[in-house]
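Written out below as structure tokens is the structure these notes cover.
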Amino acid sequence: MIVERDAAFACVAELGKKPYVQFKDLNADVNSFQRMFAKDIRRFDEMERKLSGILNNFKIKAHIIVIGFLEAQIRKDNNTILGSVESRDPVEVMPHHEINQLEQTLVDLERDVIHMNNSDQQLKRNYLELKEWQHVLEKADQFFEGGISDAAVHEIEQQSAAAESEAGIALHSAEKEPTGYVVGVILTEKVNAFERILWRVCRRTAFVRHIEIEEHLEHPETGEPIKESVFIIFYNGERLRSIIDKVCEGFKARQYNQCPRTSPDRKTALQQVQASLNDMQMVRVHKSIYSTLNNFTFDGIGKFFVAECWVPLDDVQAVREALETGVSKHGSTVKPVLNVVHTSEMPPTYNRTNKFTAVFQGIVDSYGVASYLELNPAPYTIITFPFIFSCMFGDLGHGVLMFLCGLYLVVRERNLEARQIKDEIFNMFFGGRYIILLMGLFSMHAGLVYNDAFAKSFSIFGSAWKNPYPVVFAFSSSEQIGKWLNHSEHGKEMLVELPSEFAFMKQSGPYPFGLDPIWNLAENKLNFANSMKMKLSVILGIAQMTFGSFLEAILVIIAVLCIPIMLFGKPIHILMHQRRAKRAVSDNMSVRINMQKDETELVKNGRKPSKTANGDHSGENEPSHGVIASHHDEASLR
1 MIVERDAAFA
11 CVAELGKKPY
21 VQFKDLNADV
31 NSFQRMFAKD
41 IRRFDEMERK
51 LSGILNNFKI
61 KAHIIVIGFL
71 EAQIRKDNNT
81 ILGSVESRDP
91 VEVMPHHEIN
101 QLEQTLVDLE
111 RDVIHMNNSD
121 QQLKRNYLEL
131 KEWQHVLEKA
141 DQFFEGGISD
151 AAVHEIEQQS
161 AAAESEAGIA
171 LHSAEKEPTG
181 YVVGVILTEK
191 VNAFERILWR
201 VCRRTAFVRH
211 IEIEEHLEHP
221 ETGEPIKESV
231 FIIFYNGERL
241 RSIIDKVCEG
251 FKARQYNQCP
261 RTSPDRKTAL
271 QQVQASLNDM
281 QMVRVHKSIY
291 STLNNFTFDG
301 IGKFFVAECW
311 VPLDDVQAVR
321 EALETGVSKH
331 GSTVKPVLNV
341 VHTSEMPPTY
351 NRTNKFTAVF
361 QGIVDSYGVA
371 SYLELNPAPY
381 TIITFPFIFS
391 CMFGDLGHGV
401 LMFLCGLYLV
411 VRERNLEARQ
421 IKDEIFNMFF
431 GGRYIILLMG
441 LFSMHAGLVY
451 NDAFAKSFSI
461 FGSAWKNPYP
471 VVFAFSSSEQ
481 IGKWLNHSEH
491 GKEMLVELPS
501 EFAFMKQSGP
511 YPFGLDPIWN
521 LAENKLNFAN
531 SMKMKLSVIL
541 GIAQMTFGSF
551 LEAILVIIAV
561 LCIPIMLFGK
571 PIHILMHQRR
581 AKRAVSDNMS
591 VRINMQKDET
601 ELVKNGRKPS
611 KTANGDHSGE
621 NEPSHGVIAS
631 HHDEASLR
């Protein structure tokens, strides 16, 4: 890919919208801080810090530099690290000029790493606090519009009166002060302890309510998802405010005291926060574009960028169109060049999926991503995964419930996507809505085969097994039947058996479809049904695993047979064809000799193409035909 230098930014911006372009780093031997667009990335870091000034209570914390990362950057500068302190191997003393060079490199790298890492960490903190501030503004509407503030004032007055009566002291000074409130964010796991502590230290004069945030936020340092809740505390008096501040500090709860009390002010603040988030997102996009441009290199004259990337062959035209769109937006007249280069490197794997196949591809990728041109087993799992699940699940009633749940998620998918629900559990089920639908559908079929619905059988066609003891059960009392069942040599209960020669109606035949409902009367029904389901699932699972090995063995056998044929088959075929052609020519040609006239005749397929005299057998116009058989004509020999 060759792109004009001025239009490279716009082209990369358009290619960034395509999910199938992967650039190669052509400057792998260049330090990340010495690349061409390192200054531009720092400039956008500065813009991120300016955007973070929207929140007044932001504070930048120091960041610890990772020693391993510094060592990697030192190695990129071709400076050798002679060993660690714990190593017992002898280390040669470095010359003074190398020590000075290493010291200067350490100073430069440490400064750059601190600068860039602090910017990245601060960006994550600012983004987290902006998201928290957004949720605080959204949840504040529920607090104030739901009448919580009025209820808080009423409850605080009651609790203050109760505390006054218990202590016998009039709290006139506290009653005259207006009711204040504190809004903030705290980890959900600390909410219960937080409320109990406030209840005790404030002597029941603080009104606390909280609402859990549905979205999982990301911790700026560890990157792990965290669950937080928005809280609001109503209080009377500055003394309680200082106590609340200390409790919030102890629980590491972040306060947002600038939350407006009126709904119009909250909407205005929410719009400002959304604009700041959009600006931060745009800065991230520009930063990503310049990071991609750092993988490019210059041509000989320095006016064009040269890049290498992996693109699916089906999408090459789309990439060309994206490049042309970027050039047209920039207003450049030089069109970019995109050439397909043949290489011996192994291309990356790109599996094209849609909303239906994405979940099956994700299941396969969790075990390992197939190599380039390797068979992708994801299409097979679309059938095998729900089928094997149904063989083990096998219940019509539960299958109907699962099918209805999956059907609801599929039918309402546009509405649910528009709501942008951030709950992790819901997103997991929503992402697997199609596999839930198929598992429910296959389970319904397996439930019919197993004749099982909520652990109950149903007789549709009627069983061919009948009661062989009609007289005994018809004319005997229940007491006599009980004595008969419990009568045995060892005093143990006798099991009623159904002999096939008496109880089975052969003219009716076996049950037409599924498991015979007569098994519902058997003592070992549960053991038999569970064993059948589990063993059948295991057998089918092993068969599925064997399918891959069998397919691989077939491909190996084909390769073993084809390679010798390709190496030796063609030469042997050519040699046999040449011999067959020579044999055909010799069979169709003959020579007639006239001994009296000393003449010869060459006969080919019954014709005389040429004649020679004076015993000359080598005509000028006659081509060489190899070995020619001589046939003597008896009429000419006298």
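The opening residue of the sequence shown carries number 1 in full-length UniProt numbering; numbering runs sequentially from there.
From the three backbone atoms N, C-alpha and C, an ideal C-beta is built for every residue, glycine too.
What you are looking at is a predicted structure, and each value in this text was computed from that prediction instead of being measured.
- Annotation: His330 to Lys190 spans about 53 Å, alpha carbon to alpha carbon.
- Contact annotation: Ile388 and Leu540 have beta-carbon atoms nearer than 8 Å.
- Taking a 10 Å sphere around the C-beta of Asn524, we find fewer than 16 other C-beta atoms and assign the residue as exposed.
- Burial state of Gly399 is buried, judged by a 10 Å Cβ sphere holding 16 or more other Cβ atoms.
- The beta-carbon distance between Lys535 and Glu214, rounded to whole angstroms, is 43 Å. This is too long to meet the 8 Å contact definition.
- At the C-beta level, Asn295 and Asn530 stay beyond 8 Å of one another.
- Taking the CA atoms as reference points, Phe393 sits about 8 Å from Ala446.
- Spanning the alpha carbons of Gly362 and Leu373 requires a straight line of approximately 18 Å.
- For the options Glu238, Glu195, Leu375, the alpha carbon positioned closest to that of Phe547 is the one of Leu375.
- Judged by beta-carbon spacing, Asp395 lies within the 8 Å limit of Asp452, meaning their Cβ atoms are closer than that value.
- Assignment of Leu375 by DSSP, reduced to helix, strand and coil, places it in the coil class.
- Where Phe454 is concerned, there is no enclosing alpha helix (DSSP H), because DSSP gives it neither an H nor an E.
- Annotation for Leu187: the continuous beta strand (DSSP E) segment containing it runs 179-187.
- Under a 10 Å Cβ-count criterion, His135 is classified as buried, with 16 or more other Cβ atoms of the shown protein chains found around its own Cβ.
- Taking C-beta atoms as the reference points, Pro336 and Ile2 count as a pair closer than 8 Å.
- One alpha carbon belongs to Phe360, the other to Phe23, and they sit about 27 Å apart.
- Contact check between the stretch 450-465 and the stretch 504-514: three or more CB pairs, one atom from each, fall below 8 Å, which counts as touching.
- Cα atoms of Cys248 and Ala7: separation of roughly 52 Å, rounded to the nearest angstrom.
- Counting only the Cα atoms, Arg254 lies some 12 Å from Lys246.
- In the three-state DSSP reduction, Tyr434 falls in the helix class (H, G or I).
- Shortest Cα-Cα distance from Asp40 to any of Glu195, Val285, Ala370, Asn520 involves Val285.
- Here Gln22 is bridged, per DSSP, to Trp310.
- The beta carbon of Thr292 sits closer than 7 Å to the beta carbons of Val12, Phe23 from its chain, once the five residues preceding and following it are set aside; these are given in chain order.
- Residue pairing by DSSP places Phe504 opposite Trp465 in a beta bridge.
- Residue nearest to Phe458 within the set Arg5, Asn520, Val411, Phe298 is Asn520 (criterion: CA-CA distance).
- Under the three-state reduction of DSSP output, His573 falls in the helix class.
- By the beta-carbon neighbour count (other beta carbons within 10 angstroms, threshold 16), Glu228 is buried.
- For Phe547, there is no enclosing beta strand (DSSP E); the residue is part of the alpha helix (DSSP H) that begins and ends at 525-564.
- Short of 8 Å from the beta carbon of Asn278, and not among the five residues preceding or following it, lies no beta carbon of its own chain.
- Residues of the same chain with a CB within less than 6 Å of the CB of Glu132, apart from the 5 flanking positions on each side, are Val185 in chain order.
- Taking a contact as a CB-CB distance under 8 Å, the pair Ile436 and Gly406 counts as one, their CB atoms being some 4 Å apart.
- At a Cβ-Cβ threshold of 8 Å, Thr188 and Asn236 do not count as neighbours.
- Glu324 sits in a helix when the DSSP states are folded into three classes.
- In summary, Cys391 is buried, with 16 or more beta-carbon neighbours lying within 10 Å of its beta-carbon over all protein chains present.
- In the three-state DSSP reduction, Arg5 falls in the coil class, being neither helix nor strand.
- Sixteen is the threshold: since fewer than 16 other Cβ atoms of the shown chains lie within 10 Å of the Cβ of Asp265, the residue is exposed.
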